[in-house]
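Under the working numbering, read the sequence shown as residues 14 to 388, first letter to last.
Here's the structure we're looking at; comments come further down.
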Amino acid sequence: MPSLMGPASALMTEARGLCPALAMFQTCYACPFVTTCPHKSKLGDYAQDQNLLDEALAKNVSDALARLRDEANEETDRAEASDRLLALTDAPELPVHLRGEIAVALGEYGDQRILEKLGETLLDQRLTEKYANLREDAAFALGDMGDARAIPILTQMLEDWRPGIRFACAVALGRLGRPEGIAPLRLARSLRLGDDFGQLNDQIHEMCAFSLALLGDRSVREPLEELLHNEERLSLSRAEVIFALGEIGDPASLLPLQQIKPEHLSDGLRRYISIAFGLIGCNEVREELIQCLAHTEGDLDIHAARALAKLGDDSGVEVLAMRGLASRIGYLRRISAESLLALDTLQTRRLVMAYLDLEPVASIQDSLRARIPTP
Numbered sequence: 014m015p016s017l018m019g020p021a022s023a024l025m026t027e028a029r030g031l032c033p034a035l036a037m038f039q040t041c042y043a044c045p046f047v048t049t050c051p052h053k054s055k056l057g058d059y060a061q062d063q064n065l066l067d068e069a070l071a072k073n074v075s076d077a078l079a080r081l082r083d084e085a086n087e088e089t090d091r092a093e094a095s096d097r098l099l100a101l102t103d104a105p106e107l108p109v110h111l112r113g114e115i116a117v118a119l120g121e122y123g124d125q126r127i128l129e130k131l132g133e134t135l136l137d138q139r140l141t142e143k144y145a146n147l148r149e150d151a152a153f154a155l156g157d158m159g160d161a162r163a164i165p166i167l168t169q170m171l172e173d174w175r176p177g178i179r180f181a182c183a184v185a186l187g188r189l190g191r192p193e194g195i196a197p198l199r200l201a202r203s204l205r206l207g208d209d210f211g212q213l214n215d216q217i218h219e220m221c222a223f224s225l226a227l228l229g230d231r232s233v234r235e236p237l238e239e240l241l242h243n244e245e246r247l248s249l250s251r252a253e254v255i256f257a258l259g260e261i262g263d264p265a266s267l268l269p270l271q272q273i274k275p276e277h278l279s280d281g282l283r284r285y286i287s288i289a290f291g292l293i294g295c296n297e298v299r300e301e302l303i304q305c306l307a308h309t310e311g312d313l314d315i316h317a318a319r320a321l322a323k324l325g326d327d328s329g330v331e332v333l334a335m336r337g338l339a340s341r342i343g344y345l346r347r348i349s350a351e352s353l354l355a356l357d358t359l360q361t362r363r364l365v366m367a368y369l370d371l372e373p374v375a376s377i378q379d380s381l382r383a384r385i386p387t388p
């Protein structure tokens, strides 16, 4: 197979023979030691990516990413771009930051074939400085994809010294929806790592509480209720706290939710309160939930449909089927299917059974099939 790098590949081979760091970081641009490098006089200044990449490869990656991310494109065009990008990730000459960017883009697109490389991106300590956020984005993507195989690596990195990575892994473990995430998230809430300037660990602890709520852990109900009226929240908005209390589903939260000051109640917060009340099982908000089905921002319609399903109301079935099950986000597909199964009608069971034949994530398939009663 011809090299994807052309002349740049030969340059890199020569450079690696002179600089040991370059063998690890692949490009001087990705190397944290470049500003004080003693080899620069011999190797020349490689501080620009384009000196190491053939223009053809750089344009190939850029064009394919643009096609993949453009939701207005035909699905066949996006799928073709996905295939092309996946093939590029196996090129040994591809700089680590480009490989990471491709992995994150494919993960956000929902391509299950990139799962392993997303894990590699999360672990890759060569992604420093301006590319460090790719590691966090990789964790977010792993959570959204919904594949339980990501749990070990997310659990491992939940103890990383970098606060941003711990934060992202906490988010991801909650969205995976697996009980295996409860123990490591509880542990992370008790850890204080490094010099946090008084806040970074607290931000992570708040996010761990939110993710534990997504997993139905009632031990975080009271801490979240305290945050509900605390104007010094660090990482969670009031809407997120309201939503988390709804996910726990404990009727004890109804009173604290009712006590939110009227001046804090925007239209958006009122919708979140209706969803939380519905998820807790309060029938009085049924009409408000039906109105929420028209609001797609933040996937409010899907969560309103879930709340209606909790109340035994099938008004949101179309939203759950057409928006939820059709989503590229595994988290949304899973929770939508769970709500359809909770309605326990012949129609909703058939909808979920038909969807399961197309679900690309084996662990989502298995968890949902376990919920379907055998005849």
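We put the CB at the ideal spot given by N, CA and C, even for glycine.
These figures come from a predicted structure and were not determined experimentally.
Three-state class that DSSP yields for residue i in the structure shown
i      : result
GLY294 : coil
ALA355 : helix
VAL374 : coil
PRO73  : In the sequence as displayed, the identity of residue 73 is Asn instead of Pro. ASN73: helix per DSSP, three-state reduction.
ILE261 : helix
SER95  : helix
LYS323 : helix
PRO386 : coil
GLU300 : helix
GLY229 : coil
ALA145 : coil
ASN243 : coil
PRO105 : coil
LYS274 : coil
Assigned exposure category for residue i - 16 Cβ within 10 Å defines buried
i      : result
THR309 : exposed
ASN214 : buried
GLY343 : buried
SER250 : exposed
GLU260 : buried
ARG202 : buried
ASP157 : buried
GLU244 : exposed
ALA265 : exposed
GLY207 : exposed
GLY229 : exposed
ARG346 : buried
ASP83  : exposed
ASP90  : exposed
LYS130 : buried
SER349 : buried
THR387 : exposed
GLU351 : buried
MET335 : exposed
ALA116 : buried
Spatial distance of residue i from residue j (CA atoms)
i      : j      : result
THR272 : PRO373 : Rather than Thr, the amino acid found at residue 272 in this sequence is Gln. Going from the Cα of GLN272 to the Cα of PRO373 covers about 43 angstroms.
ILE217 : PHE223 : 10 angstroms
LYS274 : CYS295 : 20 angstroms
ASP160 : ALA355 : 22 angstroms
ALA69  : ASP76  : 10 angstroms
ALA320 : PRO105 : 48 angstroms
VAL233 : THR102 : 41 angstroms
ASP357 : LEU292 : 17 angstroms
VAL332 : TYR144 : 37 angstroms
ASP96  : ASP326 : 41 angstroms
PRO192 : GLU300 : 33 angstroms
LEU204 : GLU238 : 21 angstroms
ALA339 : ILE166 : 27 angstroms
ASP314 : SER287 : 12 angstroms
LEU147 : ALA85  : 25 angstroms
ARG126 : VAL254 : 34 angstroms
ASP280 : GLY187 : 27 angstroms
LEU353 : LYS72  : 44 angstroms
ARG175 : GLY194 : 20 angstroms
LEU225 : THR361 : 28 angstroms
LEU268 : LEU324 : 19 angstroms
LEU240 : GLU297 : 25 angstroms
Residue i CB to nearest heavy atom of the ligand PLP below 6 angstroms
i      : result
CYS221 : In terms of ligand content, the structure shown is empty, and the ligand PLP therefore cannot be addressed.
Presumed contact (8 angstroms Cβ cut-off) between residue i and residue j, rounded CB distance
i      : j      : result
LEU3   : ALA163 : Look at the range of the chain in this structure, 14 to 388, and you will see that residue 3 is not part of it.
LEU99  : LEU78  : Going by Cβ atoms, the distance from LEU99 to LEU78 rounds to 12 angstroms, so no, they are not a contact pair.
GLY329 : ALA322 : 6 angstroms
GLN378 : LEU369 : 6 angstroms
ALA252 : LEU282 : 6 angstroms
GLY113 : ALA151 : 7 angstroms
MET220 : ALA196 : That belief does not hold up - the Cβ atoms of MET220 and ALA196 are roughly 16 angstroms apart, past 8 angstroms.
Chain C contact for residue i (CB, 7 angstroms cutoff)
i      : result
LEU249 : Looking at the structure shown, chain C is missing, and only one protein chain is on hand.
For this session: Count the C-beta pairs between the segment 129–139 and the segment 107–114 that are closer than 8 angstroms, then say yes if the count reaches three, no if not.
Result: Contact holds: three or more Cβ-Cβ distances are below 8 angstroms.
Exercise. So, do the segment 117–128 and the segment 296–304 have three or more beta carbon pairs nearer to each other than 8 angstroms?
Worked result: No, because fewer than three Cβ pairs between the segment 117–128 and the segment 296–304 fall closer than 8 angstroms, the two stretches do not touch.
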